[in-house]
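These notes are about the structure you will find just below.
What follows is the structure in structure tokens.
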């Protein structure tokens, strides 16, 4: 028996397959699906035109939902069910989708076949890699799994799950990033994972302020659901079917066995929230597409917080999951209400504030933004720099193995290189001195 949604989708497909887009053409197309002797078809055509003045050729599923919600269709379906004769589907045309217009540079993908060609895959392999039905979530561990999972314990805090795509999936995601996503810009307030911006560009916005207010988003990537990703891709002009498969390629669900192995740490409520997000399709922390998609998905959050900050006389920036607002004396006097407003906007946009990392920093105390001290000018913190200098000095005197307290082994050298490079980036003069000390270590 054909269900109501299936009939509605068949009607929508027939309308899109019709050459013209007017009341007579839509009623004629619908008659080929359910039969000509249906007095409600002209009313249905009028209702569809009222909602869709132009044919949504990139969105057949959307049009199917419009038909299903039309009053004339609902009444006709109810009468048919009451009489015991459900509406038939006499024909089901094949509809060729077409990419919607986009003002940003992106690969033109009219259908899933075009996407498969772009990625160098056949359609069957593409369907397996996208896994839109979530079949891998309950499959046993094995070489065909598209992600590798590893929990990172954090003492006293909720552990973090790394979801690393397989080499082949990573190559596919990199192509998606370069050919499909890269042309869509992040909001001006976003400084993380954006070419030409970074920790310094974001920190400079908050130098010399009377107060700096910081908030952190909980599980930033896991909070970006497949629905958010799908909406980003549709806004980019991708047809529904293409956006659906792209969403599958860029999201994952943590397998049941992985969630069951979650190590201890953090509050029960926070652990439950993370497991719930990880069990649903979300951005993987480890996929090359995730940082840019997370920025794009947070665009509305950035718009609202930028407007809110401006209305309060403050400045707003975001670096990944770090939200920062700052301002003068008037803002300092209203820091509490300002932070409460941030919480409200974050909550309404579907994210959560990590209260353990919330900070209000007046000018008479150290003000830091993404690790950069901003009281007078952006620079590395003295405490961190002095601690690193002492560590390097001890490595020179006693050997690096004696200072590798975390057991990094061969990775200890790269760890020190990274810390010195960070200081060089933020405070070049201090960094140069540390670089010289690093060069004296006998490896």
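Residue numbers (the UniProt record's numbering): 1 to 443. Cβ coordinates follow ideal geometry from the N, Cα and C atoms, glycine included.
With distances taken Cα to Cα, identify the nearest neighbour of residue 422 among 189, 378 and 113.
-> 378
Can you have a look at residue 272 and say buried or exposed, based on whether 16 or more other CB atoms are within 10 angstroms of its CB?
-> exposed
From what residue to what residue does the alpha helix (DSSP H) around residue 428 run?
-> 428-439
Keeping to the same chain, check which residues put their C-beta closer than 7 Å to that of residue 319; ignore five residues upstream and five downstream.
-> Excluding five sequence positions before and after residue 319, the CB atoms of its chain that fall closer than 7 Å to its own CB belong to 191, 192, 199, 202 and 370, given in chain order.
Is it right to say residue 169 is buried, meaning 16 or more other beta carbons lie within 10 angstroms of its own, or is it exposed?
-> buried
Is residue 212 near residue 367, with beta carbons less than 9 Å apart?
-> Contact: yes.
Simplified DSSP state of residue 272, which is helix, strand or coil = Assigned with DSSP and collapsed to three states, residue 272 falls in helix.
With which residues is residue 62 paired in a DSSP beta bridge?
-> None; residue 62 has no bridge partner.
Using 8 Å as the Cβ pair cut-off and three pairs as the minimum, do the region 226-246 and the region 379-387 touch?
-> no
Can the beta-carbon of residue 317 be found closer than 9 Å to that of residue 282?
-> no
For residue 277, does the count of other Cβ atoms within 10 angstroms reach 16, so buried, or fall short, so exposed?
-> buried
Proximal residues to residue 72 (C-beta, below 7 Å), its chain only, five neighbours per side dropped | Correct list, in chain order: 40, 43, 44 and 47.
May I ask you to list the residues that DSSP assigns as paired with residue 151?
-> 161
May I ask you to verify whether the region 348-364 touches the region 205-222, counting CB pairs closer than 8 Å and requiring at least 3?
-> yes
For residue 440, count neighbouring Cβ atoms within 10 angstroms of its own Cβ and tell me buried if that reaches 16, exposed if not.
-> exposed
For residue 80, which residues from the same chain have a beta carbon less than 6 Å from its beta carbon, with the 5 sequence-adjacent residues on both sides left out?
-> 86 and 87
For residue 450 versus residue 274, is the C-beta distance shorter than 9 Å?
-> Lying before the first or after the last residue shown, residue 450 is absent from the chain, which here runs from 1 to 443.
What residues match up with residue 362 in a beta bridge as DSSP calls it?
-> 211
Helix or strand or just coil, what does DSSP make of residue 179?
-> helix
So who's on the other strand from residue 407, going by DSSP bridges?
-> For residue 407, which the question treats as bridged, DSSP gives no partner whatsoever.
DSSP state of residue 380 mapped onto helix, strand, coil = strand
Of all the options 196, 246, 166 and 147, which has the alpha carbon lying nearest to the alpha carbon of residue 113?
-> 246
Of the choices 110, 174 and 158, whose alpha-carbon is the least far from that of residue 119?
-> Taking only the C-alpha atoms, the option nearest residue 119 is 174.
Could you check which residue in 210, 432 and 337 has the C-alpha nearest to that of residue 376?
-> 210
Measuring alpha carbon to alpha carbon, tell me which of 357, 302, 327 and 31 ends up nearest residue 345.
-> 302
Compute the beta-carbon to beta-carbon distance between residue 325 and residue 314, rounded to the nearest angstrom, for a pair I have assumed lies under 8 Å.
-> 5 Å
Could you tell me whether the Cβ atoms of residue 388 and residue 420 are closer together than 9 Å?
-> yes
Looking only at its own chain, which residues have a Cβ that is under 7 Å from the Cβ of residue 289, when we skip the five neighbours before and after it?
-> Here the set comprises 173, 176, 177, 181 and 250.
Give me the Cβ distance between residue 93 and residue 17, rounded to the nearest whole Å; I'm assuming they're in contact under 8 Å.
-> 4 Å
Residue 326, DSSP secondary structure in three states = strand
Closest residue to residue 208 among 262, 329, 138 and 239 (Cα-Cα distance) | 329
With distances taken between CB atoms, is the gap from residue 227 to residue 154 smaller than 9 Å?
-> no
Residues near residue 186 by beta carbon distance below 6 Å, same chain, minus five either side | When the five nearest sequence neighbours on each side are left out, the beta carbons in the same chain lying within less than 6 Å of the beta carbon of residue 186 are those of 194 and 295, in order along the chain.
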